[in-house]
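This report refers to the structure that appears directly beneath it.
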Amino acid sequence: MEFETIEIKKIPRIWRIQGDVQDGDLSTLVLEIFWRIDWVDSEGQTINNEAGGMIKFVPTAELLSNFSNISVAVYSQIQASLIN
Numbered sequence: 005m006e007f008e009t010i011e012i013k014k015i016p017r018i019w020r021i022q023g024d025v026q027d028g029d030l031s032t033l034v035l036e037i038f039w040r041i042d043w044v045d046s047e048g049q050t051i052n053n054e055a056g057g058m059i060k061f062v063p064t065a066e067l068l069s070n071f072s073n074i075s076v077a078v079y080s081q082i083q084a085s086l087i088n
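Below, the structure is given as structure tokens:
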């Protein structure tokens with residue numbers, strides 16, 4: 005019987021975001037971001053997942069001016085928490 009070897013990547017995925025703002029002031033925004041790790045094959049199919057964690061993310065004024073930068077900063081923080 006031959007065994008087939010496949011390449012698996014562990015990819016962090018955000019599955020829930022909740023935020024809080026005080027008195028309507030966007031500068032007080034705090035996001036709680038819940039994520040997990042998906043095990044993905046070379047075709048992009050998720051074959052398993054495992055618990056990840058939760059980070060609290062407070063965007064800077066610069067990030068708030070350009071929302072597309074927030075996702076880059078969030079994933080950077082998640083990646084850093086995987087290393088620690």
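Mapping to this note's numbering: the sequence shown position 71 is 75, numbers consecutive.
We treat Cβ as the ideally placed atom computed from N, Cα and C, and that holds for glycine.
Rounded to the nearest whole angstrom, the C-alpha separation of residue 73 and residue 8 is 40 Å. Judged by their CB atoms, residue 60 and residue 44 are not nearer to each other than the 8 Å cut-off.
Here the alpha carbon of residue 55 sits roughly 6 Å from the alpha carbon of residue 41. For the 8 Å CB-CB criterion, residue 57 and residue 75 do not form a contact. Each of 36, 30 and 79 was checked against the Cα of residue 69, and the nearest Cα belongs to 30.
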